[in-house]
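Written below as structure tokens is the structure these notes are about.
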Amino acid sequence: MGARSKARKRAVDLLFEAAVRGADPVTLLADRVGNPDVPPVNDYTVSLVEGITAHRARIDELLTEHAEGWSLARMPAVDLAVLRLGLYELLWAEDVPDAVAIDEAVQLAKSLSTDDSPRFVNGVLGRIAGIADRLRATL
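To convert a position in the sequence shown, counted from 1, into our numbering, add 109.
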């Protein structure tokens with residue numbers, strides 16, 4: 110697993126933990142950065158968590174629109190964390206190709222969630238990728 114893939118997994122772990130604890134992801138992240146009791150936090154993990162948190166309202170709006178038949182409250186917390194990360198990379202991470210953003214999210218869903226989750230994540234992000242250029246123009 111490459112450094113960025115590990116950073117993505119760590120970001121999903123932090124987003125999931127924050128959701129379960131009802132905590133702010135950036136605050137949780139700040140508690141970890143520089144803490145000698147936890148492994149060092151990769152700069153890309155920091156960038157992801159901060160970016161997802163900064164754009165969360167728009168990310169959640171888009172997920173609500175494109176996750177056909179699913180409300181955010183109904184989604185498993187880990188799937189929601191993976192989707193938020195994938196959508197953030199798809200629309201705001203200029204150095205990550207669309208196909209890579211989707212593939213990395215699908216791989217995270219495969220390793221962290223249910224058997225149905227990879228197909229669900231792929232479907233939602235694939236629908237959004239189809240209009241990604243138009244969405245990026247309005248960000």
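Backbone N, C-alpha and C fix where the C-beta goes; we use that ideal spot for every residue, glycine too. It should be emphasised that the depicted structure is a prediction, and the values quoted were computed from it without experimental measurement.
- Residue state for Gly160 is assigned as helix, using DSSP reduced to three classes.
- Within the same chain, no Cβ atom closer than 6 Å to the Cβ of Asp152 is found once the five residues on either side in sequence are excluded.
- For Leu234, the enclosing alpha helix (DSSP H) stretches over residues Ser226 to Ala238.
- If you draw a straight line from the Cα of Val187 to the Cα of Asp212, it is about 16 Å long.
- Counting C-beta atoms within 10 angstroms of its own C-beta, Leu172 has 16 or more neighbours from the protein chains shown and is therefore classed as buried.
- Thr136 has its alpha-carbon roughly 31 Å from the corresponding atom of Asp225.
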